[in-house]
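Numbering (the working numbering), first residue to last: 19 to 228.
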């Protein structure tokens, strides 16, 4: 007779009958394998339905800068935007590093949470303060920022930002931009900022507040 998997109780061929011919019994190989295929297909379809609902209901992304980025503040009109090079997760088409490697584009209204993790090295000059922040995709447009003062030593920074993206704002200005910045304030010496690693995360967690 057929055997069954645990715990899902899916049948598989385990009879003493030869698999080379059909015996006409319920233990016929073709009957067992067809039953197994039908049951597995139904389980996979149910799993796909759960994944599809989750993907639509909870958009999220996670991008990183995995190689060192050098930001030179001596350059006229320099951009202190972190240029991301790796997509770690994106389930709703929020990231396109080929055309835009400095920001995510948020087109779904609702409540969003963002976090920046930054590991960098500020210029080794007395009085320099190293900043890392989440912004609107343009230099200087900070939403939130954190600072640390270590004069040329490695600095670890985390910054969080929670906001509501409204349908009105999306209709008026298009997708919202979320980027990250590394910067410093100081007086003399080199103006080279080293971004050793950066990670920007964002996810939707609620509907727009009426």
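All C-beta atoms, glycine included, are put in the ideal place defined by N, C-alpha and C.
Within 10 angstroms of the beta-carbon of residue 203 lie fewer than 16 other beta-carbons, which makes it exposed. As the crow flies, the alpha-carbon of residue 58 is around 35 Å from that of residue 104. Excluding sequence positions up to five before and after residue 195, its CB lies within less than 7 Å of the CB of 121, 123, 154, 155, all in the same chain and listed in chain order.
Residue 106 sits away from residue 182, with the two beta carbons spaced by 8 Å or more. Here residue 162 is near residue 178, since their CB atoms are less than 8 Å apart.
DSSP lists 211 as the beta-bridge partner residues of residue 89. In the three-state DSSP reduction, residue 60 falls in the helix class (H, G or I).
For the options 222, 227, 228, the alpha carbon positioned closest to that of residue 78 is the one of 222. If you ignore the 5 residues before and after residue 180, its C-beta comes within less than 6 Å of the C-beta of 131, all in its own chain and listed in chain order. It is roughly 59 Å from the alpha-carbon of residue 173 to the alpha-carbon of residue 53. Considering only 224, 62, 215, the residue with the shortest C-alpha distance to residue 139 is 215. Between residue 141 and residue 209, the beta carbon gap of about 6 Å places them in contact (Cβ cut-off 8 Å). Scanning the region 95–119 from its first residue to its last, the whole beta strand (DSSP E) runs of 3-plus residues come out as 104–108.
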